[in-house]
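*Asks:*
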Amino acid sequence: MVYKHGGNVYEISRDISADLNEIIDFSANINPLGISEKVKTEIIDNIDSIKHYPDYTYKRLKDKIVGYHREMCQITEENIYLSNGAADGIYNLISYLKPKKALLLAPTFGEYEMALDRVDCSVKYYFLKEKNGFRIDLEDYILKIEEDIDFIALCNPNNPTGQMTDKEDILTILDYCREHKINVLLDEAFCDFLMDESDHSLIDELLKYNNMYILRSLTKFFAMPGLRLGYILSGNSGVIGELKKTSPPWRINVIAEVAAISSLDDEEYINKSKENLNIEKAFMYDKMKQIKCLRVFEPSVNYIFFKINQGFCSMGIDLKKELIDRKILIRSCDNYVGLDGEFYRVAIKSRNENEILLRSIGEIFGGL
Ligand SMILES: Cc1ncc(COP(=O)(O)O)c(C=O)c1O
19 MVYKHGGNVY
29 EISRDISADL
39 NEIIDFSANI
49 NPLGISEKVK
59 TEIIDNIDSI
69 KHYPDYTYKR
79 LKDKIVGYHR
89 EMCQITEENI
99 YLSNGAADGI
109 YNLISYLKPK
119 KALLLAPTFG
129 EYEMALDRVD
139 CSVKYYFLKE
149 KNGFRIDLED
159 YILKIEEDID
169 FIALCNPNNP
179 TGQMTDKEDI
189 LTILDYCREH
199 KINVLLDEAF
209 CDFLMDESDH
219 SLIDELLKYN
229 NMYILRSLTK
239 FFAMPGLRLG
249 YILSGNSGVI
259 GELKKTSPPW
269 RINVIAEVAA
279 ISSLDDEEYI
289 NKSKENLNIE
299 KAFMYDKMKQ
309 IKCLRVFEPS
319 VNYIFFKINQ
329 GFCSMGIDLK
339 KELIDRKILI
349 RSCDNYVGLD
359 GEFYRVAIKS
369 RNENEILLRS
379 IGEIFGGL
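Going by our numbering, the first residue of the sequence shown is number 19, and it counts up by one from there.
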């Protein structure tokens, strides 16, 4: 399986001989407010610190993460494993746990499978059904957890569908998995975007489940995918300790550390980002629903999943290609397990950019 990501603006700009900045990238789900001004200033003010090695204990950053989640859980640095982006965390956790048989959602974020493949883990899928709006049916899901499964990954909200699994349902799955000695990777990379995060995140349950590993990312909400920073939280401090032992020192560079510390502190940016997203999310969902040839799934965070309705597909329009001709990049979901070329995902961006996308889709389908 060759898994392709969204966000490869470099490749597209080379292919169509366009300047990188001319392309509007809806394929990577990054906070449209961009990196906070405060964080930019901190990075510039601290540029000279690259002459030192990073503090290999990362105490300041870990203290900040503890503070960021304080209202949900009293974690300590023993519960935190820092990674070079959340993707790095996925690979390190899986290569340490070395599961033999895993259950994955289909469709879901592709890196779990890539990482499982590297440790020769066999993979089963729980196929999310369009008729259920791509949501998990709890009973059906539990039935799919075969006896020899020792690892599951849940992505909440799921990428690319944007659908959420209820916290109660996740707790039932966690209980079942704890009883059957199954490790659970719970990917909350997009949870920072939620207004009511505590109603959905499982961080408040962290210390109760020794088998749960919650993945968080700073690259999406704090708009720094090029800088790379993520972390795993777990009540299993033994595994966290082993992950640290098996990782090289100075995994996080000094600038990423500075940017992360300052981001997690920036309440004004955090609140503004959530408010802005709520407005743009409602706007985009409403406008996209009005485009007759699309079936649009209600978004939970900063991206929208949709399909071209049958009948309109037969018009032979390749939406991604048509948009690239207009220097707009969207994510075709044709390489996700369980999806085909009818499905797409777009990020929610600024009002101006969102309007350009809506207008272009309207033109392509000739007002259908
Ligand atoms: C669900 C999910 N988890 C994890 C990641 C990895 O994020 P990072 O940029 O922190 O490596 C992504 C990136 O797209 C993602 O969509």
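Ideal placement from N, C-alpha and C gives every residue a C-beta, glycine not left out.
#1: Enumerate, from N- to C-terminal direction, the unbroken alpha helix (DSSP H) stretches of 4 or more residues contained entirely within the segment 266 to 342.
#2: Identify, in the order they occur along the chain, each residue of the same chain with its Cβ nearer than 6 Å to the Cβ of Cys209, setting aside the five sequence neighbours on each side.
#3: Taking 7 Å as the cut-off, is the CB of Cys173 close to at least one heavy atom of ligand 1?
#4: When you compare the CB positions of Leu233 and Gly248, do they come within less than 8 Å of one another, or not?
#5: Could you give the distance in angstroms between the alpha-carbon of Pro267 and the alpha-carbon of Tyr143?
#6: Could you spell out where the beta strand (DSSP E) holding Cys173 opens and where it closes?
#7: Helix, strand or coil for Asp205? Go by DSSP, reduced to three states.
#8: DSSP three-state label for Leu357, please.
#9: Arg269: buried (16+ other C-beta within 10 angstroms of its C-beta) or exposed?
#10: To the nearest whole angstrom, what separates the beta carbons of Asp284 and Val57, a pair I think is in contact under 8 Å?
#11: Using the Cα positions of Gly244 and Ala277, report the straight-line distance between them to the nearest angstrom.
#12: Would you check if there are 3 or more beta carbon pairs closer than 8 Å linking the segment 36 to 45 to the segment 362 to 371?
#13: When you compare only the Cα positions, how much space is there between Met90 and Leu341?
#14: Enumerate in chain order the residues of its own chain whose CB-to-CB distance from Tyr159 is below 6 Å, with the five nearest sequence positions on each side excluded.
#15: Which whole-angstrom value is the C-beta distance of Leu115 and Asn201, which I expect to be below 8 Å?
#16: Any contact between the segment 297 to 308 and the segment 348 to 355? By contact I mean 3 or more CB pairs, one from each, below 8 Å.
#17: Which same chain residues, not among the five before or five after Met213, have their C-beta less than 7 Å away from its C-beta?
#18: In chain order, what residues of the same chain lie with their CB nearer than 8 Å to the CB of Gly107, ignoring the 5 residues before and after it?
*Replies:* Here's the rundown:
#1: 272 to 283 and 285 to 307
#2: Glu215 and Ser219
#3: yes
#4: yes
#5: 36 Å
#6: Phe169 to Cys173
#7: strand
#8: coil
#9: buried
#10: 7 Å
#11: 12 Å
#12: yes
#13: 42 Å
#14: Tyr144
#15: 6 Å
#16: no
#17: Lys292 and Asn296
#18: Tyr99, Ser101, Leu233, Gly248, Tyr249 and Ile250
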